[in-house]
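S.K.: FYI, the numbering for the sequence shown is -26 to -1, 1 to 417, going by mature numbering (1 follows the signal peptide of the UniProt record, and there is no 0).
Glycine residues also receive a C-beta, built at the ideal position from the N, C-alpha and C atoms.
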Amino acid sequence: MKQRGRHRRRRRGAAVRAFLTGTALALTAAATLISVSQADVATGPGALKPLTSPADTGALRLQEHMVPGRTLNRLSAAMGRPVGVDTVLDSADRSMGTGADCSATDRASLPVAPAATRAYCWDPSDAVSTAWRPASVATSGDAADGVRGTHRVILSGWTHSTATGRAAERGLARVAFVDADDLGHLSYRWALLVVPVRGGRDYRGLDSGISGMVWHRDKLLVTTTAGSADALYVYDLDRIQRTTVDGPAIGRVAGGWSADGYRYVLPAVGSYRFTSGRCAPSGPPCPGALALDGATGPGGLVAAEWTAPGSDRPARLWRYAFRTAPEHGGPLAADPAGRVDAAEAYRTRAAGIRGVLPDRRAGAAGASWYLGQLPASRDGHGSLWRQDREGARAAHCGADASHRCWAQAAGSLSYGRGTGEVWSLSDRMLFTLPLTALERSLG
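Pasting the structure below:
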């Protein structure tokens, strides 16, 4: 078990490390920053187009499917009492390196403009593999004080490749629970995402990519792979289960419960499906990025459609409201029949969207969005745009004033109200920067 005193011993050096880290990142990311003029928007995704027709909005309707309480209770009765986030963090067994300690290859994956103020590389035992890749991030920062339980927490979703690595792991999804109490020393522990089967008598691995992830109250919502019958899966962060057998199998085994060597599993408590069928180019959108929208009413879930980088097919952005009575049903606002309709929707010419975040400037809620894009070649740095109904703006960098200034293979975006910071990740590093830095870089 991790010793909490470890953090106290490091606090005296945290300020020095933060300064050194910030200096290294600034040198790595040095670039000329130019705001995009209106004449330049033709090279970007242009203006958002509101979607209001029943044909457009109907394709976004979801149907809620919650796992019966008796199923979850049966699983808990067999596996033991569920634990919470604090228990997972208190057993953290991996450490992250700070920016100055990470390799040049790692640091080269960070944004050029706006530059990260803090950055971390993963434990070598995880970084050495190319089969597992990080894609999504969520934080406890949506709480007013940024704390859940007794910790400041960052969650990072990883997906295993279906083409490489051990066959038993292919297509699985896991979440890193990162203890962010001491920003000079982050540590983490893995948990495998699973789905109850046979009425709670067993579970299987979630064989799906999780490119988007949102933490709302005690629930974690994640996207599913394109073509899946489900659009979103729901997990309860108060229903984390311990495994009892350290083996390669996933589920119930002789002598107890196994999860391919992982100490913890998160059993799904529900899912949402599009009522008009599986996500497809000619039907409902395939969610590729998620973010929390806390700027309107009780808040909501914003989503961006995944389309191939460089594609000329328009993508959709939309928002669902959260339920005001979370103890009844799932986290999204549903009618008595369990149907969930989008509160607003737009079309964008942006493609390869991996990150989405509502613009939180005064008067911008619901009409302006930050979008992180992969490049058409899927190689090198991507772009970060702020798009609204009038046009789009991006940071420029380098001698050729390119707008490919964002991180390499950048993942989702998560905003922390308590600190005013935005967290994201490249394919090699976890990083953060102030929201004000995004605003300044985009004019």
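Exposed or buried, which one is Met(-26) when buried takes at least 16 other CB atoms within 10 Å?
M.R.: Counting from one through the sequence shown, the residue named residue -26 turns up at place 1. Only weak support is given to the placement of Met(-26): the predicted model assigns it a pLDDT of 41, under 50, and the value that follows is read from those uncertain coordinates. Its Cβ having fewer than 16 others within 10 Å, Met(-26) is exposed.
S.K.: For the region 253 to 264 against the region 294 to 307, are there 3 or more C-beta pairs whose distance is under 8 Å?
M.R.: The region 253 to 264 is not in contact with the region 294 to 307.
S.K.: Buried or exposed: where does Val86 fall if 16 or more other Cβ atoms within 10 Å of its Cβ makes it buried?
M.R.: Walking along the sequence shown from the start, residue 86 turns up at place 112. Its Cβ being crowded by 16 or more others within 10 Å, Val86 is buried.
S.K.: Nearest CA to the CA of Val239: which residue from Arg360, Ser376, Leu167?
M.R.: Indexing the sequence shown from 1 puts residue 239 at position 265. Of the listed residues, the one whose Cα sits closest to Val239 is Leu167.
S.K.: Provide the residue(s) that pair with Met70 in DSSP beta bridges, ordered along the chain.
M.R.: Working through the sequence shown from its first residue, we reach residue 70 at position 96. According to DSSP, which records beta bridges pairwise, Met70 is partnered with nothing at all.
S.K.: Nearest CA to the CA of Ser342: which residue from Pro349, Arg360, Pro42?
M.R.: Against the sequence shown, residue 342 aligns to sequence position 368. Measuring from the Cα of Ser342, the nearest candidate turns out to be Arg360.
S.K.: Should Val149 go down as buried or exposed, given a rule of 16 or more other Cβ atoms within 10 Å for buried?
M.R.: Taking the first residue of the sequence shown as position 1, residue 149 is located at position 175. It counts as buried.
S.K.: Report all residues from its chain with a CB closer than 6 Å to the CB of Ile128; omit the five preceding and five following residues, and keep chain order.
M.R.: Counting from 1 along the sequence shown, the entry for residue 128 is found at position 154. Within the same chain, Ile128 has close Cβ partners Thr113, Val152, Ala154.
S.K.: Using alpha carbons as the reference points, say which of Ala278, Ile214, Leu358 lies closest to Val169.
M.R.: Translated into the one-based positions of the sequence shown, residue 169 becomes position 195. Per the Cα distances, Ile214.
S.K.: So who's on the other strand from Ala373, going by DSSP bridges?
M.R.: Your numbering for residue 373 matches position 399 in the sequence shown. BP columns for Ala373 are empty, so no partner.
S.K.: Below 8 Å on the Cβ atoms is my guess for Thr136 versus Arg126; work out the distance and round it to an integer in Å.
M.R.: As a first step, residue 136 is located in the sequence shown; it is residue number 162 there, counting from the start. As a first step, residue 126 is located in the sequence shown; it is residue number 152 there, counting from the start. With 8 Å as the limit, Thr136 and Arg126 do not qualify as a contact, their Cβ atoms being about 34 Å apart.
S.K.: Mark Glu364 as exposed unless 16 or more other C-beta atoms lie within 10 angstroms of its C-beta, in which case mark it buried.
M.R.: The residue you call residue 364 lines up with position 390 of the sequence shown. Exposed, by the Cβ-count rule.
S.K.: Give the secondary structure of residue 435 by DSSP, where H, G and I count as helix, E and B as strand, and everything else as coil.
M.R.: In this structure the chain extends from -26 to 417, so residue 435 is not present and cannot be described.
S.K.: What first and last residue would you give for the beta strand (DSSP E) that runs through Ala277?
M.R.: For the purposes of this step, residue 277 is identified with residue 303 of the sequence shown, where counting begins at 1. From DSSP, the beta strand (DSSP E) with Ala277 extends over 274 to 279.
S.K.: To the nearest whole angstrom, what separates the beta carbons of Ala316 and Arg287, a pair I think is in contact under 8 Å?
M.R.: Taking the first residue of the sequence shown as 1, we reach residue 316 at position 342. Taking the first residue of the sequence shown as 1, we reach residue 287 at position 313. Contact flag wrong, Cβ pair sits at about 19 Å.
S.K.: Sorted by chain position, which residues of the same chain lie with C-beta nearer than 8 Å to His190's C-beta, five sequence neighbours on each side aside?
M.R.: The residue you call residue 190 lines up with position 216 of the sequence shown. Result list for His190: Asp116, Leu266, Gly273, Leu275, Phe296, Pro305, in chain order.
S.K.: Just tell me which of Arg81, Leu36, Ser161, Ile184 has its CA closest to the CA of Ser69.
M.R.: Position 95 of the sequence shown, counted from the start, is the residue given in the question as residue 69. The candidate whose alpha carbon is nearest that of Ser69 is Ser161.
S.K.: Assign Ser398 to buried or exposed, taking buried as 16 or more other Cβ atoms, counted over all protein chains shown, within 10 Å of its Cβ.
M.R.: Here residue 398 refers to the residue found at position 424 when the sequence shown is read from its first residue. With 16 or more Cβ atoms within 10 Å of its Cβ, Ser398 is classed as buried.
S.K.: Return the chain-ordered list of same chain residues with a C-beta closer than 6 Å to the C-beta of Ser357, the five sequence neighbours on each side being excluded.
M.R.: Residue 357 sits at position 383 when you count from the first residue of the sequence shown. Hits under 6 Å: Gln347, Ala368, His377, Arg378, Trp380.
S.K.: For the alpha helix (DSSP H) that contains Pro28, what are its first and last residues?
M.R.: Your numbering for residue 28 matches position 54 in the sequence shown. Counting along the chain, the alpha helix (DSSP H) containing Pro28 begins and ends at 28 to 32.
S.K.: Which of the three DSSP states, helix, strand or coil, is assigned to Thr113?
M.R.: The count along the sequence shown starts at 1 and reaches residue 113 at position 139. Reduced to three states, the DSSP call for Thr113 is strand.
S.K.: Nearest to Asp64 by CA position, among Thr249, Gly123, Ala105, Ala411, is which residue?
M.R.: Taking the sequence shown and counting its residues from 1, the one referred to as residue 64 is at position 90. With distances taken between Cα atoms, Asp64 lies closest to Gly123.
S.K.: Roughly how many angstroms separate the alpha carbons of Arg352 and Ala384, rounded to a whole number?
M.R.: On the sequence shown, position 378 is the one that residue 352 refers to. On the sequence shown, position 410 is the one that residue 384 refers to. Distance between the alpha carbons of Arg352 and Ala384: 10 Å.
S.K.: To which residues does DSSP link Thr133 through a beta bridge?
M.R.: For this step, residue 133 is matched to residue 159 along the sequence shown. Answer is Arg107, Ala147, bridged to Thr133.
S.K.: Hey, how far is the Cα of Ala4 from the Cα of Leu331?
M.R.: Position 30 of the sequence shown holds residue 4. Position 357 of the sequence shown holds residue 331. Here the model assigns Ala4 a pLDDT of 40, short of 50, so the residue's position is not dependable, and the following value carries that caveat. Rounded to whole angstroms, Ala4 to Leu331 spans 25 Å at the Cα level.
S.K.: In the DSSP output, which residue or residues are listed as bridge partners for Arg53?
M.R.: Position 79 of the sequence shown, counting from 1, holds the residue named residue 53. Checking the displayed sequence, the identity of residue 53 turns out to be Met instead of Arg. Its beta-bridge partners do not exist; DSSP assigns none.
S.K.: Determine the direct distance from the alpha carbon of Arg237 to that of Arg216, and round the result to whole angstroms.
M.R.: Translated into positions along the sequence shown, residue 216 becomes position 242. Translated into positions along the sequence shown, residue 237 becomes position 263. Each residue's alpha carbon lies about 6 Å from the other.
S.K.: Report the residue ranges of all beta strand (DSSP E) runs contained in full by the region 166 to 206; include only those spanning at least 3 residues, in chain order.
M.R.: Here the runs fully enclosed are 176 to 179, 187 to 190, 193 to 197.
S.K.: With 16 as the cutoff for other CB atoms within 10 Å, does Thr322 come out buried or exposed?
M.R.: Within the sequence shown, numbered from 1, the residue matching residue 322 stands at position 348. Thr322 should be labelled buried.
S.K.: Assuming the contact rule is C-beta atoms closer than 8 Å, Leu291 and Ala254 should be a hit. Round their C-beta distance to whole Å, please.
M.R.: Position 317 of the sequence shown holds residue 291. Position 280 of the sequence shown holds residue 254. Contact doesn't hold; Cβ gap of about 18 Å is too wide.
S.K.: Leu345 and Ala325: beta carbons closer than 7 Å?
M.R.: What you label residue 345 is simply residue 371 of the sequence shown in a count that begins at 1. What you label residue 325 is simply residue 351 of the sequence shown in a count that begins at 1. Against a cut-off of 7 Å, the Cβ pair of Ala325 and Leu345 comes out as no contact.
S.K.: From Ala52 to Val171, what distance separates their C-alpha atoms?
M.R.: Within the sequence shown, the letter at position 78 stands for residue 52. Within the sequence shown, the letter at position 197 stands for residue 171. Ala52 and Val171: Cα-Cα distance of roughly 13 Å.
S.K.: Does DSSP put Ala339 in a helix, in a strand, or in coil?
M.R.: Residue 339 sits at position 365 when you count from the first residue of the sequence shown. The predicted position of Ala339 is uncertain, since its pLDDT is 48 and thus under 50; a value taken from the coordinates is nonetheless stated next. Coil.
S.K.: Keeping to the same chain, check which residues put their C-beta closer than 8 Å to that of Arg48; ignore five residues upstream and five downstream.
M.R.: Counted from its first residue, the sequence shown places residue 48 at position 74. Closer than 8 Å at the Cβ level, and outside the excluded window around Arg48, lie Gly173, Gly174, Arg175.
S.K.: Is it buried or exposed for Pro88, if we count other Cβ within 10 angstroms and need 16 for buried?
M.R.: Numbered from its first residue, the sequence shown carries residue 88 at position 114. Buried.
S.K.: In the DSSP assignment, find the unbroken alpha helix (DSSP H) run with Ser81 in it and report its ends.
M.R.: Taking the sequence shown and counting its residues from 1, the one referred to as residue 81 is at position 107. The question names Ser, yet the displayed sequence has Arg at residue 81. Element bounds for Arg81: 78 to 82.
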